[in-house]
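Numbering-wise (numbering that gives the first Met the number 0), the sequence shown opens with residue 0 and increments by one.
What follows is a single structure, written as structure tokens, with notes after it.
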Amino acid sequence: MSLVTTTDMFKKAYNGGYAVGAFNVNNMEIVQGITEAAAELKSPVILQVSKGARAYANHKYLVAMVKAAVELYPDIPIALHLDHGDTFELCKDCIDGGFTSVMIDASSKSFDDNVALTKQVVEYAHEHGVVVEAELGTLAGIEDEVVVESGKESYTHPEEVEEFVNRTGCDSLAIAIGTSHGAYKFTPEQCTRNADGVLVPPPLRFDVLKECIERLPGFPIVLHGSSSVPQEFVKMVNDYGGKMPDAIGIPEDQLREAAKLAVCKINIDSDIRLAMTGTIRKYFAEHPDHFDPRQYLKPARQAVKDMVAHKIKDVLGSEGKA
Ligand code: G3H
Ligand code: 13P
Ligand code: ZN
């Protein structure tokens, strides 16, 4: 199988009540960890590349590594997606450069400007057999250079989604229902505490999601900012010299519920970062004399694989759906 678009993946996910994981890739170990897990569990997978990832690793390296994974695992569908493209030129570069899917994120612009830019990308992408994800509503957190302060985010207005999809022709739509980017998704003040004193974040706005679904029957919805920030890895980071106080994410049971509905793509990056960083910090503390990068990158890659396997089995529900 060669690289695929997300069209067929999303159709099956929508009808099957599961979601496909979209994991951010920045280096070889991340590509390997994700695709090894997806191949073993026979799951479709989306590998996504941000503008920052391209600046870090170079477009050509990233595409070559993803193509290597496609060759190694021909039995699972793999899509290569641009995450948070912010200009037509960036989207065009990725379309011309082998991506099968791009996101144009013009969600910080006015509705009409978002429509106009998204439409321009859709026209070019569709001429080249590439699909387009767009976004309505803004998430809190950091996306490359765009920082949206907590409290300044805005949920998607369901009454806008139909017109937006009809006018742009986009293939999937990211909506804002309370998820956010990064490892600090909520301030302690936004949370309550359970009986054990553990922070409990405010629930996702399933009412907004359901209204969007009603207005867009059969249409794939995307959730960004969907890391759950597992507390065992926050603890590992903190126990081995890190400092990530009050890091908190989206409860996995809520993501599982969303995946059963029309949410066909769930974006996860921070959990992979956390798994790698916690594992490497622990390794360094326990092996102060080691200096061969393969020694600490091997367990880090395994941690990526374990994290992705857990997401596929317990959160996305995409095991065996390749
Ligand atoms: O949504 C943002 C992703 O986590 C990518 O992050 O821009 O730091 O590569 P990045
Ligand atoms: P997280 O920061 O929650 O992993 O979100 C990643 C994301 O949305 C990438 O586009
Ligand atoms: Zn995102």
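Where a beta carbon is used, it is the ideal one built from N, C-alpha and C, also for glycine.
The beta carbon of Asn23 sits closer than 7 Å to at least one heavy atom of ligand 2. Pro250 and Phe110 have their alpha carbons spaced roughly 31 Å apart.
Residues of the same chain with a CB within less than 6 Å of the CB of Thr34, apart from the 5 flanking positions on each side, are Ala68, Tyr72 in chain order. Taking the Cα positions, Ile176 is about 26 Å away from Lys320. Taking the Cα positions, Lys242 is about 27 Å away from Lys50.
The C-beta of Pro200 has 16 or more other C-beta atoms within 10 Å across all chains shown, which makes the residue buried. The closest CA to that of Thr178, considering only Ile247, Gly96, Val303, is found on Ile247. Under the 10 Å beta carbon count, Lys10 is surrounded by fewer than 16 other beta carbons and is classified as exposed. Ranked by how close their Cα comes to the Cα of Tyr55, the residues Asn25, Lys310, Glu39 have Asn25 in first place.
Cβ-Cβ distances below 7 Å link Lys209 to nothing in the same chain once the five nearest sequence neighbours on each side are left out. Asp95 has its CB no nearer than 7 Å to any heavy atom of ligand 2. In its chain, beyond the 5 residues on either side, Ile45, Gln47, Ser100 have a beta carbon closer than 6 Å to the beta carbon of His80. For Asn113, the distance from the CB to the nearest heavy atom of ligand 3 is not below 7 Å.
Of all C-beta pairs linking the stretch 266-275 to the stretch 290-307, three or more are shorter than 8 Å, placing the two stretches in contact.
In the three-state DSSP reduction, Cys190 falls in the coil class, being neither helix nor strand. Contact check for Val130 against Thr278 fails: the beta carbons are separated by 8 Å or more.
Under the three-state reduction of DSSP output, Asp170 falls in the coil class, being neither helix nor strand. Contact between Ala115 and Leu172 is ruled out by a C-beta separation of about 16 Å, above the 8 Å threshold. Closest in C-alpha terms to Leu135, from the list Glu126, Phe283, Glu122, Phe163, comes Phe163. A distance below 8 Å between beta-carbons, with the five flanking residues on each side excluded, links Pro76 to the following residues of its chain, in chain order: Met0, Val3, Asp7, Met8, Pro43, Val44, Ala321.
With a beta-carbon spacing of about 18 Å, Arg255 and Val207 fall beyond the 8 Å limit used to define contacts. Annotation note: the stretch 280-314 contains no uninterrupted beta strand (DSSP E) run of length 3 or greater. Here DSSP, grouped into helix, strand and coil, assigns Glu134 to strand.
DSSP assignment within the stretch 215-254 yields the following whole alpha helix (DSSP H) runs of 4 residues or more, N-terminal first: 230-238. Judged by DSSP in its simplified three-state form, Val101 adopts strand.
His180 is the residue among Tyr239, His180, Cys263 whose C-alpha sits nearest the C-alpha of Val228. The C-beta separation of Ile311 from Leu138 comes to about 23 Å, leaving the pair out of contact by the 8 Å criterion. Between ligand 1 and His127, a heavy atom-to-CB distance of less than 7 Å is absent. Rounded to whole angstroms, the gap between the alpha carbons of Arg300 and Gly16 is 29 Å. Taking 8 Å as the cut-off, the beta carbon of Val30 is found closer than this to the beta carbon of Met64. Judged by the Cβ position, Gly224 qualifies as a neighbour of ligand 3 at the 7 Å threshold, a heavy atom of the ligand being closer than this.
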